[in-house]
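> One structure coming up, written as structure tokens, with questions to follow.
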Amino acid sequence: MTNIKLTIPSLSDYVGVVRLTASGIANRMKFTHEDIEDIKIAVSEACTNAVQYAYGDSPGDIEIVFSIFEDKLEIKISDSGKGFDIDADVKTKEDDPEKIGLGLGIVFMRSLMDHVDYDTSVNGTTVTLVKKVIS
Amino acid sequence: MTNIKLTIPSLSDYVGVVRLTASGIANRMKFTHEDIEDIKIAVSEACTNAVQYAYGDSPGDIEIVFSIFEDKLEIKISDSGKGFDIDADVKTKEDDPEKIGLGLGIVFMRSLMDHVDYDTSVNGTTVTLVKKVIS
Amino acid sequence: MVLDLNVSIRENNSIPVIDLEGEIDVYTYPKLSDALQYVFETYPNAKDLIVNLDKIRYIDSTGLGVIANGANQIKKINDGFINIINATPQIKKIFDVSGLISANFKIFDSESDAITSLTK
Amino acid sequence: MVLDLNVSIRENNSIPVIDLEGEIDVYTYPKLSDALQYVFETYPNAKDLIVNLDKIRYIDSTGLGVIANGANQIKKINDGFINIINATPQIKKIFDVSGLISANFKIFDSESDAITSLTK
Ligand SMILES: Nc1ncnc2c1ncn2[C@@H]1O[C@H](COP(=O)(O)OP(=O)(O)O)[C@@H](O)[C@H]1O
Ligand SMILES: Nc1ncnc2c1ncn2[C@@H]1O[C@H](COP(=O)(O)OP(=O)(O)O)[C@@H](O)[C@H]1O
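Protein chains in written order, with numbering that gives the first Met the number 0: chain A, 0 to 134; chain B, 0 to 134; chain C, 0 to 119; chain D, 0 to 119.
Dropping the structure here:
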């Protein structure tokens, strides 16, 4: 297993940089073109949420760890922000039409990846994304 | 000043990933297309050397820190390998026709970047590359 | 340009068309919101608006959110629609997953398909 | 393909041509070395070899090293040359910086320029 680690400030400017890094790594594995697009979207959604919700007005860091296995790519996206209540926050989205977000980020991650796991507390949030290599 | 940090194993597979990350970061600054190509080559040369020379047969890590300033991009590429004698090693290249390398890596870095600095010892090597934004 | 979004606006058969090129994400989406607002102000009676994704190489929930908000707005003002053209299979998949297609926007394969349908 | 190198070999006027597509770096350069060795074995009397960089989007000292080694080899065997075609301005700059141009290889703007010069 090989690890690649990337740390960016939680600014929207650098979500695209994470996407480029992710696509480079996925390109070295036996993923299809469609898989690579799925991975780019899922990792962007996780980073976008960390940029938008984790830190309020004073940006912190986002750490992205890519773990390359023979048969899968695992990506952990971590912030040290305020965390959230995953059941409550996702449900109340429809009651708040002011928000730009439509509650699609987590939906996208879940439908594009093989496995999605949230670990969130007042100390921050870690999203684990897994995409399997189909061979 | 903003820092972005990337850590890869010293394997040739991932030098291209560093290049992608570097080009994404440079794209967010006011660099010309030619500047971005120069940066990609210089950072690749530094990583290629760390892959080829730093660790011998057992790979270690390469850490790349991008520091984004208003007027320049500074990139530090560090390994914890065996280091080298920069004056001696570069001179003896021509006496060893067996080697694939032509001693061009450091030449390229120096001619493509505005500033190149080597800090090397038995504890490893750090190359600092600086490209200025012309405005 | 990689990692960026270019927006331009034109007309086809009096229907406003927004041509997009590049990537729509959390960094670039304000350019798309601005273009939508500009079109709503410039064409206050438009029932249709075409959004051309031909040169879009990346879009995620941020971009879909902006388009969906725009669709709600044109629905409210003129009972109108946003018409998406030239979406790649990957982008269509994303629209599918979002469950937004049945809402206030339509998807056409090409600009001529859209114009034929919207002007008849 | 991004981050990878595709190599194919053909002939033009009996001169072997290596077409390259993608990036030449420390990861991909063995594909180019292999292609050069294959050409040297298949055309043991060739005085000229064309290397087409038209679709090369990246090359660094690793790639230049392989080409320079190949040039030394064909010089030694047949007093021959490697002829580079379709180098972008960026790639020409790299060749310039390397100080290798005057050595055992020539640079032509196009394949037809190279063929005209090499077959006369
Ligand atoms: N890293 C995070 N830190 C804090 N809150 C988060 C984080 N990620 C997601 N959330 C919360 O989960 C909600 C749902 O996220 P998502 O499904 O991406 O939809 P949207 O971004 O459209 O709201 C967000 O509105 C936010 O309240
Ligand atoms: N990170 C490093 N660790 C150890 N030795 C290095 C490192 N970088 C460069 N060197 C030494 O410096 C020499 C010159 O490097 P370079 O100019 O890139 O040319 P080349 O790779 O063609 O030899 C190398 O051959 C090597 O001995």
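Every residue gets a Cβ at the ideal spot worked out from N, C-alpha and C, and that includes glycine.
All of these numbers come straight from a predicted model, not from anything done at the bench.
1. Step through the CB atoms of chain B and report whether any lies within less than 8 angstroms of the CB of D/Ser-97.
2. Kindly indicate which residue of D/Leu-2, D/Val-96, D/Asn-71 has the alpha-carbon position closest to the one of B/Tyr-13.
3. To be precise: take each residue of the region 61 to 76 of chain A, compare its Cβ to all Cβ atoms of chain B, and keep it if any distance is under 7 angstroms. Which residues remain?
4. Just to check, is the beta-carbon of C/Asn-71 closer than 7 angstroms to a non-hydrogen atom of ligand 1?
5. Kindly indicate if chain D contains any beta-carbon less than 8 angstroms away from that of B/Lys-39.
6. In chain order, what residues of the same chain have a beta carbon less than 7 angstroms from the beta carbon of D/Ser-7, not counting five sequence neighbours either side?
7. I'd like to know whether the C-beta of B/Val-9 is nearer than 8 angstroms to at least one C-beta of chain D.
8. Report the rounded CA-to-CA distance for C/Val-50 versus A/Ile-76, giving the unit in angstroms.
9. By the DSSP assignment, the beta strand (DSSP E) with B/Thr-127 in it spans what residues?
10. So with CB distances below 7 angstroms, who are the chain C contacts of A/Gly-15?
11. Taking A/Asp-116 as the reference, which of A/Leu-103, A/Ser-134, A/Ser-79, A/Glu-73 has the closest Cα?
12. Under 8 angstroms Cβ to Cβ from B/Pro-96, same chain only, skipping five residues before and after it: list those, please.
13. Strictly under 8 angstroms for the Cβ-Cβ distance: is C/Leu-35 near chain A by that measure?
14. So what's C/Val-25 in DSSP terms, helix, strand or just coil?
15. With a threshold of 7 angstroms, establish whether the CB of B/Val-106 neighbours any heavy atom of ligand 2.
16. Could you check which residue in A/Gly-80, A/Asn-122, A/Arg-27, A/Asp-78 has the C-alpha nearest to that of A/Lys-71?
17. Can you say whether C/Lys-75 is buried or exposed, counting buried as having 16 or more other CB atoms within 10 angstroms of its CB?
18. I'd like the list of long-range same chain contacts for D/Ala-34, defined as Cβ closer than 6 angstroms, with 5 residues on each side in sequence excluded.
19. Comparing alpha-carbon positions, which option in D/Arg-56, D/Leu-63, D/Thr-118, D/Asn-85 lies nearest B/His-32?
20. Straight-line CA distance for D/Ala-113 to D/Phe-107?
21. Can you list, in chain order, the residues of its chain whose CB lies under 7 angstroms from that of B/Phe-107, leaving out five sequence neighbours each side?
22. Would you please verify whether the beta carbon of A/Leu-128 is less than 8 angstroms from any beta carbon of chain C?
23. Could you name each continuous alpha helix (DSSP H) segment of 4 residues or more that falls completely within the region 11 to 81 of chain D, going from the start of the chain to the end?
24. Rounded C-beta distance between A/Ile-24 and A/Phe-65? I'm assuming under 8 angstroms.
25. Are the beta-carbon atoms of C/Asp-47 and C/Gly-69 separated by less than 8 angstroms?
26. For D/Lys-54, which option in D/Glu-22, D/Val-65, D/Ile-93 has the closest C-alpha, if you only look at C-alpha atoms?
27. Buried or exposed for C/Pro-15, going by 16 or more other Cβ atoms inside 10 Å?
28. Run the CB neighbour count on C/Asp-95, radius 10 Å, all protein chains shown included, and call it buried at 16 or more, exposed below.
29. I'd like to know whether the C-beta of A/Ile-99 is nearer than 8 angstroms to at least one C-beta of chain C.
30. Could you give the DSSP three-state label for B/Asn-2: helix, strand or coil?
31. Helix, strand or coil, according to DSSP, for B/Phe-65 in the structure here?
32. Between which two residues does the alpha helix (DSSP H) harbouring A/Lys-39 extend?
33. Please state if the CB of D/Ser-109 and the CB of D/Asn-120 are separated by a distance shorter than 8 angstroms.
34. Put B/Ser-77 into one of helix, strand or coil per three-state DSSP.
35. Would B/Val-132 pass as an interface residue toward chain D - the criterion being a Cβ-Cβ separation below 8 angstroms?
36. If you drop the 5 nearest sequence neighbours on each side, which residues of the same chain put their C-beta closer than 8 angstroms to that of C/Asn-103?
So, to answer that:
1. On the fourth sequence, residue 97 of chain D is found 98 positions in, with the first residue counted as 1. True, the Cβ-Cβ gap to chain B drops below 8 angstroms.
2. Taking the first residue of the second sequence as position 1, residue 13 of chain B is located at position 14. Sorting D/Leu-2, D/Val-96, D/Asn-71 by C-alpha distance to the C-alpha of B/Tyr-13 places D/Leu-2 at the top.
3. Contact residues of the region 61 to 76 of chain A toward chain B are absent (C-beta to C-beta distance below 7 angstroms).
4. Counting from 1 along the third sequence, the entry for residue 71 of chain C is found at position 72. C/Asn-71 Cβ: outside cutoff for every heavy atom of ligand 1.
5. Taking the second sequence and counting its residues from 1, one reaches residue 39 of chain B at position 40. At least one chain D Cβ lies under 8 angstroms of B/Lys-39.
6. As a working mapping, residue 7 of chain D is identified with position 8 in the fourth sequence. Asp-18, listed in sequence order.
7. Counting from 1 along the second sequence, the entry for residue 9 of chain B is found at position 10. Checking the displayed sequence, the identity of residue 9 of chain B turns out to be Ser instead of Val. Taking Cβ atoms only, chain D never reaches closer than 8 angstroms to B/Ser-9, which makes this a no.
8. In the third sequence, the residue the question calls residue 50 of chain C occupies position 51. In the first sequence, the residue the question calls residue 76 of chain A occupies position 77. Rounded to whole angstroms, C/Val-50 to A/Ile-76 spans 32 angstroms at the Cα level.
9. As a position in the second sequence, residue 127 of chain B is number 128, starting the count at 1. Unbroken beta strand (DSSP E) run through B/Thr-127: 123 to 131.
10. Reading the first sequence from its first residue, position 16 is the one you call residue 15 of chain A. Think of a sphere of 7 angstroms around the beta carbon of A/Gly-15: the chain C residues whose beta carbon falls inside it are Leu-2, Glu-22, Asp-24, Tyr-26, in chain order.
11. Locating residue 116 of chain A in the first sequence gives position 117, counting from the first residue. Of the candidates A/Leu-103, A/Ser-134, A/Ser-79, A/Glu-73, the one whose C-alpha sits nearest the C-alpha of A/Asp-116 is A/Glu-73.
12. For this step, residue 96 of chain B is matched to residue 97 along the second sequence. Note that B/Pro-96 scores 48 on pLDDT, short of 50, meaning its location in the model is unreliable; the coordinates nonetheless yield the value given after this. Closer than 8 angstroms at Cβ, skipping near neighbours: no residue.
13. Taking the third sequence and counting its residues from 1, the one referred to as residue 35 of chain C is at position 36. For C/Leu-35, the answer is no, since every Cβ of chain A falls outside 8 angstroms of its Cβ.
14. Here residue 25 of chain C refers to the residue found at position 26 of the third sequence. Of the three classes helix, strand and coil, the one that applies to C/Val-25 here is coil, per DSSP.
15. Position 107 of the second sequence, counted from the first residue, corresponds to residue 106 of chain B. Yes - ligand 2 has a heavy atom lying nearer than 7 angstroms to the Cβ of B/Val-106.
16. Translated into the one-based positions of the first sequence, residue 71 of chain A becomes position 72. Answer by Cα proximity: A/Arg-27.
17. Locating residue 75 of chain C in the third sequence gives position 76, where the first residue counts as 1. By the 16-neighbour rule on beta-carbons within 10 angstroms, C/Lys-75 is exposed.
18. Looking up residue 34 of chain D in the fourth sequence gives position 35. Val-6, Ile-17, listed in sequence order.
19. Here residue 32 of chain B is taken as the residue at index 33 of the second sequence, counted from 1. Checking every option, the nearest Cα to that of B/His-32 belongs to D/Arg-56.
20. Locating residue 113 of chain D in the fourth sequence gives position 114, where the first residue counts as 1. Locating residue 107 of chain D in the fourth sequence gives position 108, where the first residue counts as 1. Looking at the two C-alpha atoms, the distance is approximately 6 angstroms.
21. Residue numbering aside, residue 107 of chain B sits at position 108 when the second sequence is read from its first letter. Within the same chain, Cβ atoms closer than 7 angstroms to the Cβ of B/Phe-107 are found at Ile-40, Ala-41, Glu-44, the five residues on either side in sequence being excluded.
22. Your numbering for residue 128 of chain A matches position 129 in the first sequence. It does not; no Cβ of chain C falls within 8 angstroms.
23. 28 to 41, 60 to 77, all fully within the region 11 to 81 of chain D.
24. As a position in the first sequence, residue 24 of chain A is number 25, starting the count at 1. As a position in the first sequence, residue 65 of chain A is number 66, starting the count at 1. Confirmed, Cβ separation roughly 5 angstroms.
25. In the third sequence, the residue the question calls residue 47 of chain C occupies position 48. In the third sequence, the residue the question calls residue 69 of chain C occupies position 70. Between C/Asp-47 and C/Gly-69, the C-beta spacing is not below 8 angstroms.
26. Within the fourth sequence, numbered from 1, the residue matching residue 54 of chain D stands at position 55. That would be D/Glu-22, whose Cα lies nearest to the Cα of D/Lys-54.
27. To locate residue 15 of chain C, count along the third sequence from 1; it is residue 16. When all chains shown are included, C/Pro-15 counts as buried.
28. The residue you call residue 95 of chain C lines up with position 96 of the third sequence. Around the C-beta of C/Asp-95, fewer than 16 other C-beta atoms lie within 10 Å, and the residue is accordingly described as exposed.
29. The count along the first sequence starts at 1 and reaches residue 99 of chain A at position 100. Because the pLDDT at A/Ile-99 is just 48, under 50, the model does not fix this residue reliably, and the value given afterwards should be weighed accordingly. Yes - at least one Cβ of chain C is within 8 angstroms of the one on A/Ile-99.
30. For this step, residue 2 of chain B is matched to residue 3 along the second sequence. Reduced to three states, the DSSP call for B/Asn-2 is strand.
31. Sequence index remark: in the second sequence, residue 65 of chain B carries index 66 (1-based). Residue state, collapsed to three classes: strand.
32. As a working mapping, residue 39 of chain A is identified with position 40 in the first sequence. From DSSP, the alpha helix (DSSP H) with A/Lys-39 extends over 32 to 48.
33. In the structure as shown, chain D begins at 0 and stops at 119. Residue 120 of chain D is therefore absent and cannot be evaluated.
34. To locate residue 77 of chain B, count along the second sequence from 1; it is residue 78. Three-state result, B/Ser-77: strand.
35. Against the second sequence, residue 132 of chain B aligns to sequence position 133. It does not: the Cβ of B/Val-132 has no partner Cβ on chain D nearer than 8 angstroms.
36. If you number the third sequence from 1, residue 103 of chain C lands on position 104. Apart from the 5 residues on each side of it in sequence, C/Asn-103 sits with its Cβ closer than 8 angstroms to the Cβ of Ala-67, Ala-70, Asn-71, Ile-73, Lys-74, Phe-80, Ile-81 in its chain, given in chain order.
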